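Quick notes on the structure that follows.
Residue numbers (the working numbering), protein chains in the order written: chain A, 27 to 409; chain B, 27 to 409; chain C, 27 to 409; chain D, 27 to 409.
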């Protein structure tokens with residue numbers, strides 16, 4: 027049985043809503059059943075129609091969606107709510123959805139502020155419901171392969187990490203025109219205290235902690251507003267001190283003119299290291315001090331259980347961003363199905379970003395911006 | 027409204043059936059409504075259940091599917107039948123589906139023999155129904171970009187083409203064990219007169235004719251059975267003479283140990299050339315005699331209308347094999363929807379492989395195998 | 027003591043003469059002592075002056091160089107003559123040099139015709155002098171690594187080989203202007219029976235036989251003159267049957283607009299294969315059927331003795347075309363020095379192309395052109 | 027006439043001395059005439075013999091070399107002295123060479139301390155002699171192309187720069203064994219206040235200032251000793267504030283296990299950016315916000331005058347590390363020859379690193395180490 031999915035946000039023209047819908051659809055595990063696609067009732071209705079939803083499952087507001095779906099018979103009502111609104115509209119829908127008995131899939135960053143994130147964590151704990159936070163890049167098979175290799179001690183303890191997320195799309199003052207994505211992402215009222223650091227810095231941060239299993243303990247940030255007139259940071263670089271004595275560098279920028287979205291992570295222990303980048307997402311380059319580097323590839327027989335579990339096609343048939351995104355949806359579905367079946371989910375299915383990652387992501391945003399304003403070199407990573 | 031899809035073949039464990047289902051699901055344009063997933067009725071039933079189909083839409087044979095669906099009210103019955111069986115089971119289901127009033131999506135190569143292909147072409151012409159043949163690689167945005175650049179005369183007339191499809195998965199005698207894919211693909215009774223040339227050579231051939239807009243007129247083939255005991259070719263190389271005076275080389279092998287599926291095409295005119303390969307599918311490398319080579323990328327604003335139409339995510343978020351496959355499904359759906367709406371479909375939607383490509387693909391198989399057996403240098407490409 | 031080198035050809039403006047001089051200089055093993063740089067005495071003199079040669083060691087003709095140097099005391103006269111003239115001026119200088127008691131370094135292809143090549147082989151055998159033929163690409167460390175891996179049986183017997191040499195510099199009718207390189211290379215009176223096949227096809231052929239240790243036994247060629255007005259082939263593709271039952275494809279073209287000089291070879295046995303290309307010359311990609319591909323690199327500690335011997339810098343500091351060329355000069359020098367010292371040269375030093383390779387290269391040219399003119403599919407490789 | 031070169035340091039087994047000799051030899055502009063190759067007189071003599079030097083031009087100490095060569099007739103004595111000793115032995119030989127009337131080629135970093143560097147700058151100014159500092163990476167044609175594009179305003183003012191130099195060769199405690207390179211480079215008495223930052227950080231720093239034309243004004247460094255027992259830094263990351271309001275990140279590490287020497291620089295202005303790395307040294311990737319990225323290549327006709335001037339082979343024949351190194355030697359020679367001829371040298375020849383770069387490099391070392399020890403976020407770049 028497919029899991030019934032309701033969506034909050036994602037009206038026509040929204041970027042991330044369409045991505046979520048494709049990710050949910052790919053593996054046939056979800057059925058988009060209901061939606062409050064816009065705070066504009068007419069727009070919500072039109073989107074619902076376009077998507078082929080039954081008219082009575084298309085709502086004018088998320089409150090209405092939650093209230094009405096709760097009334098429906100259990101076998102009919104949505105089981106999971108996906109929230110794909112801008113950052114300032116994450117907390118309330120998520121909180122209410124959890125308290126109304128729905129599982130939640132939430133776009134990142136988790137909330138508008140760290141305080142909200144911690145509150146949401148408590149709400150979730152009390153609700154008995156689960157939350158999946160869509161840190162897409164952790165869904166790539168070769169990212170999971172890297173994590174599994176690190177966790178197995180393949181490289182020895184990680185000593186150095188470099189993570190970067192260079193974009194170029196905000197090289198000019200895009201928010202001055204009619205670019206809606208640029209408008210809300212550079213608006214403190216909708217994005218929060220951070221621009222680039224919230225939008226893509228959090229992805230880099232999550233990737234680092236996810237793959238290495240280490241935690242940021244202190245940081246030192248250079249946060250910049252490069253484009254004149256911009257109200258939030260569009261560029262930053264951060265020195266990191268990590269648990270276990272490692273150090274790292276995190277770079278995120280939206281003014282690297284001509285760059286697309288080549289998020290990349292490299293890490294090194296005494297016995298070797300690895301290199302992964304989205305531009306060549308199905309390759310994990312593994313380097314050794316004294317023998318040839320290896321090219322590990324999605325879809326092969328020799329990769330670990332996590333990479334195997336998160337791939338769909340034979341080696342050499344590239345899996346991309348939507349497949350990585352779909353892996354989050356798929357693992358969340360498998361976890362919920364296991365719960366419904368009263369069976370334990372395998373570790374590969376349980377491997378999706380959740381509340382802890384969300385809280386730490388929001389802590390990153392607040393700490394990194396604080397460090398950017400500070401004259402002190404090192405800022406403790408406070409959660 | 028979603029298009030109602032029935033599937034013939036694709037029971038649990040089948041490779042290509044699962045691919046078709048994901049491709050159909052990705053864009054939310056189809057609803058898998060019915061299926062005859064196996065000639066084993068129980069297996070068909072089990073697959074249908076797993077996929078969440080209504081039990082009365084799961085059939086024990088394709089004949090039953092066609093007959094029963096035809097009986098259903100128009101608003102309910104499947105509109106398109108996807109046929110994902112081995113080659114020897116393409117023609118009959120496809121013929122009957124067309125004659126029963128269903129559109130058809132058919133896995134490649136189109137049929138078991140050229141004679142069947144030509145017959146199917148006639149049947150289709152008489153039926154008024156449409157057929158989409160899933161030559162996946164023609165669905166990649168950057169392949170379409172190459173085609174559009176060539177068609178616009180960007181490089182001048184194409185003079186030289188290299189196309190290759192190296193695989194390594196049949197380097198050993200896999201059909202000796204329990205590898206089902208290897209078993210049927212190396213079996214003349216199920217695969218046809220060709221092994222590698224039918225399985226992947228046809229993809230290379232289609233890619234060549236699709237991108238360059240040229241036709242093979244003569245060929246000279248070296249066809250080999252490399253692995254002892256194998257009953258069909260597992261390797262071949264073909265010299266080509268193309269319309270307009272161009273020449274080319276086509277290589278397809280399944281014994282290139284360690285190779286995955288890096289199908290690649292390069293072509294050159296007097297004013298420039300291009301290079302595309304599946305391993306870096308979102309890049310089209312364009313070379314010029316007297317200025318820097320260009321890296322054209324999926325999802326950017328500067329690519330042509332066909333590449334734009336066939337992409338879903340912003341540049342740098344890789345689209346892969348499933349997205350390319352889904353483009354075939356999507357364009358076919360858009361074409362059918364336009365027809366239903368009584369409107370002309372845009373050229374970008376009409377751009378999917380169909381009967382003509384299928385007939386030429388089968389002609390390639392028969393001509394190339396004939397040339398392989400011939401002592402004569404050049405064999406005319408007979409259709 | 028440095029080896030005293032005389033040069034025939036290579037006047038100012040000549041391409042390959044300057045390359046030879048840099049290759050000879052790099053390792054400090056040769057001293058350019060004498061030269062007949064041009065058949066134009068004044069030009070020869072001017073070149074000699076520019077190069078800082080003593081005026082009495084600069085000659086107006088190669089005959090004069092050979093005659094006069096022979097007169098000089100043994101401790102003073104040149105020991106090796108490098109011949110860097112166009113193809114039609116290879117045989118006579120080389121023959122006379124050998125007969126006059128000089129070792130010879132000769133640019134490829136060895137001669138103007140196969141008959142000349144075989145004659146030169148006899149002359150050399152009678153002279154007791156050695157000859158080094160500058161098939162540059164065999165000098166790359168990672169090419170030698172590939173050869174050593176193949177020879178050790180790492181991949182099992184080689185079953186399939188692809189070699190290609192795509193260039194674009196003759197995409198237009200360059201010989202119509204003042205491009206001297208284009209002029210002689212497309213002129214049957216100076217280049218011989220072949221254009222592209224002689225200029226770069228021979229390199230590809232040599233690379234194939236050198237790396238795989240196999241010999242071409244039969245071939246089937248498609249030889250083309252693509253650019254109107256051109257007098258020799260500028261494009262070709264060749265199907266190959268190799269010793270031991272392997273097959274191959276050789277491609278060489280000078281009309282691949284925008285291509286530089288990315289000569290590439292791939293070969294596969296049952297247990298694995300390799301991939302080398304000049305554009306990434308310090309990498310040898312080694313593929314396995316069941317484990318990650320390996321990236322072998324120049325200058326590392328894990329490569330074999332031949333790759334070690336032919337490298338100068340630590341890994342990651344790229345060695346290029348001149349270093350590969352210099353390896354030929356260096357190995358020839360080490361061989362001559364060992365001979366002078368009455369000691370056996372190590373196999374790594376003895377590893378430079380010589381007469382046998384030269385004769386087979388000329389046979390390739392004549393056979394491939396003959397096959398191009400033939401209606402018969404397979405042409406036996408006659409030497 | 028070749029320039030007569032004397033060498034200080036570079037005895038058998040020394041790494042960088044051999045590199046200098048090959049760089050000097052490649053273009054035939056220098057003749058290695060004299061040497062004091064070791065402070066061990068016998069070792070110096072043996073090296074000189076191996077190199078074929080006249081015995082009376084091989085000296086037991088650099089003092090002897092300078093004194094004796096000064097006595098020789100002008101037409102005979104060395105004109106340039108190359109100093110290739112460890113850091114602590116740079117200043118005295120360089121000072122005395124300049125004061126004795128010799129031009130100097132000096133390995134980097136310029137001296138042992140900033141104070142020495144500034145003193146050497148004064149000495150040089152007073153001597154009328156020239157100094158070339160071998161920051162190799164600035165010799166690559168595509169690095170020069172990047173610099174010329176930046177200087178022409180192609181990208182607009184540079185706003186963000188990333189430069190990195192990852193190595194892995196000191197991942198373990200190499201200095202505990204008999205690795206001489208590791209021994210002196212990790213020894214404060216021979217290397218100076220910095221390890222990695224002096225050895226490779228200075229290269230990254232020089233590359234950044236050279237290519238962008240910007241100057242570091244403030245920095246914030248995280249400097250680490252990763253390998254237990256090591257006495258100098260083996261890892262560091264530095265946030266940079268640059269002239270003109272730009273910012274940057276500099277990374278240098280010697281504990282990135284498995285990394286070779288892939289120094290890389292990326293920079294971005296509002297209108298575009300570039301990317302260069304040593305692993306693909308003949309490519310300059312140029313990115314634009316709104317059109318395809320470009321691949322600029324060594325040896326092509328479309329590159330600028332600096333790239334043209336610093337290349338030797340046609341496009342596609344890779345030039346490597348030794349060629350880049352040789353470009354420094356070559357440009358220094360052309361500058362000296364122009365001076366001897368009383369003519370102005372072209373700007374392309376004058377383009378080699380010299381005293382100013384040396385002083386700033388030493389200032390970088392001292393400032394970056396100071397910042398590493400500081401609790402203050404930003405350290406002004408003091409010279």
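The C-beta atom is built at its ideal place from N, Cα and C for all residues, glycine as well.
Being a predicted model, the structure only gives us computed values, none of them experimental.
Secondary structure of residue i, DSSP reduced to three states
i                      : result
residue 331 of chain B : helix
residue 300 of chain B : strand
residue 266 of chain C : strand
residue 206 of chain B : helix
residue 250 of chain A : strand
residue 345 of chain A : coil
residue 172 of chain B : helix
Listed by chain order, chain A residues near residue i by CB distance under 8 angstroms
i                      : result
residue 328 of chain C : 316, 317 and 318
Test: residue i CB closer than 9 angstroms to a CB of chain F
i                      : result
residue 277 of chain C : Protein chains in the displayed structure are A, B, C and D, and chain F is not among them.
Residue from the options whose Cα sits closest to the Cα of residue i
i                      : options                       : result
residue 237 of chain C : C/158, C/248, C/186 and C/259 : C/186
residue 358 of chain D : D/366, D/377 and D/343        : D/377
residue 217 of chain C : C/171, C/200 and C/111        : C/111
residue 337 of chain C : C/162, C/166, C/154 and C/224 : C/166
residue 333 of chain A : A/137, A/48 and A/373         : A/373
residue 399 of chain B : B/283, B/82, B/171 and B/246  : B/246
residue 303 of chain C : D/342, D/292 and D/270        : D/342
residue 161 of chain B : B/335, B/407, B/289 and B/331 : B/289
residue 65 of chain A  : A/42, A/80, A/168 and A/38    : A/38
residue 77 of chain C  : C/105, C/100, C/103 and C/47  : C/47
residue 172 of chain C : C/408, C/381 and C/294        : C/294
residue 266 of chain D : A/250, A/300 and A/305        : A/250
residue 61 of chain B  : B/50, B/42, B/107 and B/300   : B/107
Within chain B, partners of residue i - CB distance below 8 angstroms
i                      : result
residue 246 of chain C : 246, 248, 265 and 403
Anticipated Cβ contact below 8 angstroms, residue i with residue j, distance rounded
i                      : j                      : result
residue 68 of chain C  : residue 28 of chain C  : The Cβ separation is near 29 angstroms, so there is no contact.
residue 348 of chain C : residue 52 of chain C  : 7 angstroms
residue 262 of chain B : residue 248 of chain B : 6 angstroms
residue 328 of chain A : residue 318 of chain C : 6 angstroms
For residue i, the residue or residues it bridges with in DSSP
i                      : result
residue 184 of chain A : A/295
residue 60 of chain B  : B/32
residue 192 of chain B : B/279
Contact list for residue i against chain A, beta-carbon separation under 7 angstroms
i                      : result
residue 322 of chain C : 318
Contact list for residue i against chain C, beta-carbon separation under 8 angstroms
i                      : result
residue 341 of chain D : 286 and 287
residue 400 of chain B : 403
Interface partners of residue i on chain D, CB under 7 angstroms
i                      : result
residue 296 of chain A : 197, 198 and 283
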